[in-house]
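Numbering (my numbering), first residue to last: 31 to 589. Idealized CB from N, CA, C, for every residue including glycine. The model shown is predicted, which means the values in this text are computed figures rather than measured ones. Remarks on the structure that follows.
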């Protein structure tokens, strides 16, 4: 049955099922549901401009199959439960979720969490800066490790740090030199892994200079984890991200299952990365293929297997856990004399669901891409999508879906002055102008299609600050509050989809208080923005030199 469905389904859904084990009824149900969704909207979209590349997404109607009744949660909890067919679903109470609003709040929370950690500190970032604020963070880790050694239960605390090799090795003083004292003093408790993209190898690796080699591919995941508490963000561990570089941050408190998942994920990527040694050299984990000296295909296959083991085992574990919970909550199995909820000794009923979305295209893992495309495609007339990115360089697929669907979009991006590359030396100084050129091209397409009322661009501007926030908020038709948000490292651009290692979470909630938190977060960001119009590109600071216009199509896939 599954094979027949896949044969009739569009390319997107065949790719989706190729990522997951065969023979699962819930997967064919997901495929049927989404294909039906596309078919129902085909007549409406056929009247739109023919240049939109939505044709590959259309398919004949396929039978919709019913998922097993005890699949994770009671049916009908929320409309996004199809995501659980690709990734584990973690149900938690909304009281365990807190939205942070400022870099300083993010920094102070991290320091406090490190100081209180008892069993684990897991940090995944692009790099660790070399300034006094970063040194203070390292000092907090050192103090906590010292206290762990002096405690009665000895050295139970472990510290695992995952960074990018090229960015973390830039300059004489770098992330590696910042962490060497920790590694030398606590060799049994500290692990520093440096991911090196398999695409930077051979002659290319020898010829491309420092900084430019970072364009080939990076470890871009940002997860900060302390015991059973997790911070998910797009922010790096660098002073500007602690002071005046605006990003997004969400704190998940007392969430052991989520913390376990991200610990396993970071360790899995760490296993296929280079390990920093006490003499500042690196080596591979025993038995692993070298990322740039070994066979590329063998390395990518091993990395895919290692990461997918984490995702699949967590999904299986959560299915089993929630199926047991579902059965235990059946009326016939609860003695009439005792109601656990009334007694107050049962956990609070989940009203919020966390879905980790992983994108590692070098390893053939593209879960985040598929789910993001599906969310954009399923957005209906009357729905509103607020999408933000610090680097506006959407993939063609994302652009086509935004231009070809019926929902309203408000896209927040960085004005040239708050772009992270503004004022940079050399060629990098022209990158903000390249983003202006890409923005103007997209705005022109919106105008050409007469979609200015449905799709609005807004530019974030704040004196003395830079802008790095990314993610989206989805408001269903008729609702003034978002029920879903995406938050994490992806920028919705070519790099995020094809080159880098990325992770974010989809947070779905039916709790009004948490929805209000996400709504206020969105409003605070958009309040510092201005609407883009044709006059915007006539301003002197929007002038783009001819050579930048000519080069941008050639290099846009690298930034």
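Residue range 382-390 is occupied by the beta strand (DSSP E) that includes residue 390. Rounded to the nearest whole angstrom, the C-alpha separation of residue 234 and residue 317 is 26 angstroms.
Selection 425, 352, 130 evaluated against residue 120 yields 352 as nearest (Cα-Cα).
For the pair residue 519 and residue 251, the CB atoms are nearer than the 9 angstroms cut-off. Rounded to the nearest whole angstrom, the C-alpha separation of residue 164 and residue 237 is 31 angstroms. Under the 10 Å beta carbon count, residue 381 is surrounded by 16 or more other beta carbons and is classified as buried. Note: residue 503 is bridge-paired with 416, 515 in the DSSP secondary-structure output. DSSP, read as helix, strand or coil, puts residue 556 in helix. Between the alpha carbons of residue 477 and residue 562 lies a gap of roughly 12 angstroms. Burial is judged here by how many other beta carbons sit within 10 angstroms of a residue's own beta carbon; residue 403 has at least 16 and is buried.
DSSP places residue 490 in the strand class (E or B) of the three-state scheme. Rounded to the nearest whole angstrom, the CA to CA distance from residue 521 to residue 264 is 9 angstroms.
By the Cβ neighbour-count rule, residue 109 is exposed, with fewer than 16 other Cβ atoms within 10 Å of its own.
Shown here for residue 286: same chain residues with a beta carbon closer than 8 angstroms to its own, the five before and five after excluded, namely 258 in chain order. Non-local beta-carbon contacts of residue 152 in its own chain, meaning distances under 6 angstroms to residues more than five positions away in sequence, involve 190, 255, 293, 296 in chain order. Here the C-alpha atom of residue 216 lies approximately 11 angstroms from the C-alpha atom of residue 178. According to DSSP, residue pairing for residue 535 in a beta bridge involves 386, 517. In the pairwise beta carbon analysis, the segment 458-467 is classified as not touching the segment 547-560: fewer than three pairs are separated by under 8 angstroms. According to the DSSP assignment, residue 180 belongs to no beta strand (DSSP E) but to the alpha helix (DSSP H) extending over 162-180.
Distance check between residue 144 and each of 221, 174, 457, 469 places 174 closest, using alpha-carbon atoms only. The straight-line gap separating the alpha-carbon atoms of residue 203 and residue 160 is approximately 7 angstroms. With respect to residue 281, residue 260 sits close: the two C-beta atoms are nearer than 9 angstroms. Scanning the segment 297-345 from its first residue to its last, the whole beta strand (DSSP E) runs of 3-plus residues come out as 304-306, 312-314.
Below 8 angstroms, enough C-beta pairs join the segment 483-498 and the segment 427-444 to call them touching: three or more. With respect to the C-alpha of residue 577, the residue from 570, 585, 571 having the closest C-alpha is 585.
Per DSSP, residue 284 lies in no alpha helix (DSSP H) segment and is marked neither H nor E. Residue 232: member of the alpha helix (DSSP H) spanning 232-237, first to last residue. Put simply, the backbone Cα of residue 507 is about 16 angstroms away from that of residue 538. Taking residue 545 as the centre and dropping the five residues before and after it, the same chain places the C-beta of 511, 512, 513, 539 closer than 8 angstroms to its C-beta, in chain order. In the same chain as residue 171, and ignoring 5 residues on each side of it, the C-beta atoms closer than 7 angstroms to its own belong to 144, 151, 189, 212, in chain order. Around the beta-carbon of residue 557, fewer than 16 other beta-carbon atoms lie within 10 Å, marking it exposed.
The beta carbon of residue 219 sits closer than 7 angstroms to those of 175, 185, 187, 188, 189, all from its chain and outside the five residues before and after it, given in chain order.
Counting along the chain, residue 270 sits inside the alpha helix (DSSP H) bounded by residues 269-273. Residue state for residue 395 is assigned as strand, using DSSP reduced to three classes.
In this structure, residue 223 keeps its C-beta atom at 9 angstroms or more from the C-beta atom of residue 248. Within the DSSP bridge table, the entry for residue 587 names no partner.
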